[in-house]
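K.L.:
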Amino acid sequence: MEVRGLKNVIWETDEEGHYYALCAYVHVPAATLTLPGLEEGTVPVFPAPTTFKYKINEMLHSISRKQLPMLPAFVFTDYKVQGHSLLNIIVDLASATCLQNVYVMLSRATSLESIGILHWFSSHDVYKQLSGELREEFAHLEDLDIITALEFESEFDYLGATLPVMNEA
2 MEVRGLKNVI WETDEEGHYY ALCAYVHVPA ATLTLPGLEE GTVPVFPAPT
52 TFKYKINEML HSISRKQLPM LPAFVFTDYK VQGHSLLNII VDLASATCLQ
102 NVYVMLSRAT SLESIGILHW FSSHDVYKQL SGELREEFAH LEDLDIITAL
152 EFESEFDYLG ATLPVMNEA
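Residue numbers for the sequence shown follow my numbering, beginning at 2 and rising by one.
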């Protein structure tokens, strides 16, 4: 899967063998910038210095670093993500407009541990948006569940688990 917009990164190695980015070329479709040797809309992003200070035991410390002013993030719509498996995901379940959206979002993860939930949702909010036909089908399934449960009147104990037994007619 390609990261939309990123064209190329030029890397350098320091004396300890660590890689760091000298420049990233990003394609920004709305940009009207044209630089020699680059196609229109390709923007070079250079590292920017940052300094911050903090105190430990009344002693002031200063840290300086230089890095690309970019955040590593990528967003998929539920439509665009179909067919992809993702190692780590953060989902916004509150944005789901139907139950199918929730399914698509959660089913893209390769494991339960790799899912981060940004905003939770009320299942009531999702179910109330189901079509009338689908709500009727769920109501019918609930009725069948009750009818099936009524068919099972006695129970027996199997390895400590209580299981229903259907009465012989």
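Glycine is no exception: its CB is placed at the ideal position from the N, C-alpha and C atoms.
1) With a floor of 3 residues, list each beta strand (DSSP E) that falls wholly inside the stretch 10 to 37, ordered by position along the chain.
2) What is the rounded straight-line gap between the Cα of L87 and the Cα of E114?
3) So what does DSSP say about H120, is it helix, strand or coil?
4) Is it true that the CB of P48 sits closer than 8 angstroms to the CB of L72?
5) Please classify E152: does DSSP put it in a helix, a strand, or coil?
6) Kindly indicate the opening and closing residues of the alpha helix (DSSP H) around Q101.
7) Does DSSP put V92 in a helix, a strand or coil?
P.N.:
In this structure, then:
1) Counting only runs of 3 or more, we get 20 to 28.
2) Between L87 and E114, the C-alpha separation is close to 12 angstroms.
3) DSSP places H120 in strand when its eight states are reduced to three.
4) no
5) helix
6) 100 to 108
7) Looking at V92 - three-state DSSP - the assignment turns out to be strand.
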